[in-house]
Amino acid sequence: MLENTAGKGKQILFVDDDASLLRLGRLTLERAGYGFLGALGGEEGLRLARTAHPDLILLDYMMPDLSGKEVFEGLRRSEDARLRHTPVIMLTARTSNDVEQRELLEQGLFAYLHKPFGYRELLNVIGNVLMLSQIKERNRTLELEARRAFVATVRTLISLLFAKDTCTGEHSQKVALLAEGLAVQCGLAEEEAIYIKLGALLHDVGKIGVPEYVLCKPDCLTEEETALMRRHVHHGEQALAGVPRMKDVRAMVLHHHEWWNGGGYPAGLCGEEIPFGARLIAVVDAYDAMTSDRPYRTHLPHSVAVERLRQGAGTQFDPILVGKLFEYLDAIGDAEPHDTASILDWEFLEEFCPAV
Ligand SMILES: [Fe+2]
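Taking our numbering, the leading residue of the sequence shown gets 41, the next gets one more, and so forth.
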């Protein structure tokens, strides 16, 4: 290992099995105001990267112990986020394997520098990569803030719903768990299932805007009260208007009371005009509502709820989704996700933002 000559500038780790190149590199980098760390092999380079946390790594591609590619992949697999994001420039004489070079760029390699290179060229590439790295770091910080703001927004909305009406708050969480299970049963990709889970969690959030004397009324609603209650789909859709990446979720919230035969509200959509997520939520919403206690009645037995869903298939509900719900409920058996012991994991919300 060459001497650590950390200066006042950025710290550069130079990994190359050519000792004369390292000496020249050290001279050039220190003259330019950079701190210098040198390693004469891949394993030593990886160890130094882990302990010294350099700001940038120059990595020789061809080394006798660990290749530059293996060192780079080791860095990318690190549990230390700072190490994963350390910019790497690969030094290589190989120019023929374009496919492999492209793969490494896709994995986050910042740049290639082909040997032999002039030291002005080296300093230019280092300067550009450090600037690009700063921009990426700033973007990661912004993404992290956006993720936190998103999670906080959704949790705040659900907290408000709980504060307004505990029953609806609990119902929303159970519907979210059921909706996710049914979405997976339908063969949806994980990302789509998570969107539906979020739509289900928020499907009744607009009830925050419904007067409590209507929301908690134990008797039948009057015509006027029914109209007020039905406004909840609009309140919910509007509450999410300013939240990013919510287009599909807003459609689920707005249309979860549409009927398969066009007899629902607010738009009277029918069949596949109704967004898929809204049709799915409608089925699990009804099942959970029937099998849960309410202030004005105790829950219905599972068999009665199933029979009512069967009767509503093709009129109120998408018949295929009713069948899929039955398959799902049969499959989970006793491990029903809608019992009171089920706890919604809020971490799923974080999956809406790209990994940082
Ligand atoms: Fe609703």
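Note that the Cβ used here is the ideal one computed from N, Cα and C, for glycine as well.
Query raised in the report: Cβ of residue 328 within 7 Å of any heavy atom in ligand 1?
Result: Counting from one through the sequence shown, the residue named residue 328 turns up at place 288. Outside the cutoff, so no.
Query raised in the report: So, using beta-carbon positions, are residue 79 and residue 55 closer together than 8 Å?
Result: The residue you call residue 79 lines up with position 39 of the sequence shown. The residue you call residue 55 lines up with position 15 of the sequence shown. Yes; because the gap between Cβ atoms is below 8 Å, this pair is in contact.
Query raised in the report: Is the region 292–311 in contact with the region 264–281, if contact means three or more CB pairs nearer than 8 Å?
Result: yes
Requested in this report: May I have a chain-ordered list of the alpha helix (DSSP H) segments no shorter than 4 residues that lie completely inside the region 295–351?
Outcome: 316–331
Query raised in the report: Considering only the beta carbon of each residue, do residue 243 and residue 329 sit closer than 8 Å?
Result: Against the sequence shown, residue 243 aligns to sequence position 203. Against the sequence shown, residue 329 aligns to sequence position 289. No, the Cβ-Cβ distance between residue 243 and residue 329 is not below 8 Å.
Query raised in the report: In three-state terms, what does DSSP make of residue 41?
Result: Working through the sequence shown from its first residue, we reach residue 41 at position 1. Low confidence applies here, because residue 41 scores a pLDDT of 43, under 50, leaving its location unreliable; read the following figure in that light. The answer is coil: DSSP assigns residue 41 none of H, G, I, E or B.
Requested in this report: May I ask whether a heavy atom of ligand 1 can be found less than 7 Å away from the beta carbon of residue 296?
Outcome: In the sequence shown, the residue the question calls residue 296 occupies position 256. Result yes, Cβ under 7 Å from ligand 1.
Query - Alpha-carbon spacing of residue 176 relative to residue 165, whole angstroms - result: For the purposes of this step, residue 176 is taken as residue 136 along the sequence shown, with counting starting at 1. For the purposes of this step, residue 165 is taken as residue 125 along the sequence shown, with counting starting at 1. Roughly 16 Å between the two C-alpha positions.
Query raised in the report: So is residue 247 buried or exposed if we call it buried at 16+ other beta carbons inside 10 Å?
Result: Stepping through the sequence shown from its first residue, residue 247 is reached at position 207. The residue in question, residue 247, is buried, as its Cβ has 16 or more Cβ neighbours within 10 Å.
Query - Backbone secondary structure at residue 288 - three-state DSSP - result: Residue mapping note: residue 288 aligns to position 248 of the sequence shown, counting from 1. Residue 288: helix per DSSP, three-state reduction.
Requested in this report: Provide the residue span of the alpha helix (DSSP H) that contains residue 274, from first to last.
Outcome: Position 234 of the sequence shown, counted from the first residue, corresponds to residue 274. Note, residue 274: alpha helix (DSSP H), 272–279.
Requested in this report: Tell me, please, whether the region 191–211 touches the region 285–304 by the rule of three or more beta-carbon pairs shorter than 8 Å.
Outcome: no
Report task. Mind checking which residues open and close the beta strand (DSSP E) that includes residue 128? Result -> The residue you call residue 128 lines up with position 88 of the sequence shown. It spans 128–132 - the beta strand (DSSP E) in which residue 128 sits, taken as one unbroken run.
Requested in this report: Starting from the C-beta of residue 333, find all residues in its chain whose C-beta is less than 8 Å away, skip the five residues before and the five after it, and write them out in chain order.
Outcome: Here residue 333 is taken as the residue at index 293 of the sequence shown, counted from 1. Cβ within range, chain order: 339.
**Report entry** Under the three-state DSSP convention, the category residue 203 falls into
**Finding:** Taking the first residue of the sequence shown as 1, we reach residue 203 at position 163. Reduced to three states, the DSSP call for residue 203 is helix.
Query raised in the report: So what's residue 55 in DSSP terms, helix, strand or just coil?
Result: Mapped onto the sequence shown, residue 55 falls at position 15. Strand, per DSSP.
Query raised in the report: With burial defined as no fewer than 16 other Cβ atoms inside 10 Å of the residue's Cβ, what is the status of residue 100: buried or exposed?
Result: Reading the sequence shown from its first residue, position 60 is the one you call residue 100. Residue 100 is buried by the Cβ-count criterion.
Query raised in the report: Does the region 248–262 come close enough to the region 347–367 that 3 or more CB-CB pairs lie under 8 Å?
Result: no
Requested in this report: With a threshold of 16 other CB atoms inside 10 Å of the CB of residue 225, please say whether the residue is buried or exposed.
Outcome: If you number the sequence shown from 1, residue 225 lands on position 185. With 16 or more Cβ atoms within 10 Å of its Cβ, residue 225 is classed as buried.
Query - Exposure of residue 287, with buried meaning 16 or more beta-carbon neighbours within 10 Å - result: The residue you call residue 287 lines up with position 247 of the sequence shown. By the neighbour-count rule (16 or more Cβ atoms within 10 Å), residue 287 is not buried but exposed.
Query raised in the report: Is the closest heavy atom of ligand 1 to the C-beta of residue 244 under 7 Å?
Result: Numbered from 1 along the sequence shown, position 204 holds the residue referred to as residue 244. The answer is yes for residue 244.
Query raised in the report: Does DSSP put residue 84 in a helix, a strand or coil?
Result: On the sequence shown, residue 84 is found 44 positions in, with the first residue counted as 1. Helix at residue 84.
Query raised in the report: Do you know how far the Cα of residue 206 is from the Cα of residue 343?
Result: In the sequence shown, the residue the question calls residue 343 occupies position 303. In the sequence shown, the residue the question calls residue 206 occupies position 166. Cα-Cα distance, rounded: 26 Å.
**Report entry** Start-to-end residues for the alpha helix (DSSP H) that takes in residue 152
**Finding:** Counting from 1 along the sequence shown, the entry for residue 152 is found at position 112. Per DSSP, residue 152 belongs to no alpha helix (DSSP H); it is in the beta strand (DSSP E), 151–154.
Query raised in the report: Under 8 Å, do residue 279 and residue 254 count as touching if we go by C-beta distance?
Result: Taking the sequence shown and counting its residues from 1, one reaches residue 279 at position 239. Taking the sequence shown and counting its residues from 1, one reaches residue 254 at position 214. No, Cβ-Cβ distance for residue 279 and residue 254 is not below 8 Å.
Query raised in the report: Closest by CA to residue 52, which one among 163, 63, 75?
Result: The count along the sequence shown starts at 1 and reaches residue 52 at position 12. Ranking the options by Cα distance to residue 52, first place goes to 75.
Query raised in the report: Within the present structure, is the beta-carbon of residue 272 separated from the nearest heavy atom of ligand 1 by less than 7 Å?
Result: Looking up residue 272 in the sequence shown gives position 232. Yes; taking the cut-off as 7 Å, the Cβ of residue 272 has a heavy atom of ligand 1 nearer than that.
Query - C-alpha gap between residue 180 and residue 170, whole angstroms - result: Position 140 of the sequence shown, counting from 1, holds the residue named residue 180. Position 130 of the sequence shown, counting from 1, holds the residue named residue 170. If I take the Cα positions, the gap works out to 15 Å.
Report task. Out of 327, 197, 351, point me to the one whose CA is closest to residue 283's CA. Result -> Translated into positions along the sequence shown, residue 283 becomes position 243. When each option's Cα is compared against that of residue 283, the closest is 197.
Query raised in the report: Quick one: what's got a C-beta closer than 7 Å to residue 354's C-beta in the same chain, skipping five residues either side?
Result: Taking the sequence shown and counting its residues from 1, the one referred to as residue 354 is at position 314. Cβ neighbours of residue 354 beyond the five flanking positions: 300.
Report task. Put residue 138 into one of helix, strand or coil per three-state DSSP. Result -> Stepping through the sequence shown from its first residue, residue 138 is reached at position 98. DSSP places residue 138 in helix when its eight states are reduced to three.
Requested in this report: Starting from the Cα of residue 132, find the closest Cα among 98, 69, 373 and give me that residue.
Outcome: By one-based count along the sequence shown, residue 132 stands at place 92. Checked all of 98, 69, 373; the closest Cα to residue 132 is 98.
Query raised in the report: How long is the line joining the alpha carbons of residue 281 and residue 259, rounded to whole angstroms?
Result: Within the sequence shown, residue 281 is the residue found at index 241, counting from 1. Within the sequence shown, residue 259 is the residue found at index 219, counting from 1. Roughly 33 Å between the two C-alpha positions.
Query raised in the report: How big is the Cα-Cα spacing for residue 268 and residue 145?
Result: Counting from one through the sequence shown, the residue named residue 268 turns up at place 228. Counting from one through the sequence shown, the residue named residue 145 turns up at place 105. When rounded, the distance between both Cα atoms is 56 Å.
Requested in this report: Buried or exposed for residue 121, please, with buried defined as at least 16 other CB atoms from any protein chain shown within 10 angstroms of its CB.
Outcome: Counting from one through the sequence shown, the residue named residue 121 turns up at place 81. Under this definition residue 121 is an exposed residue.
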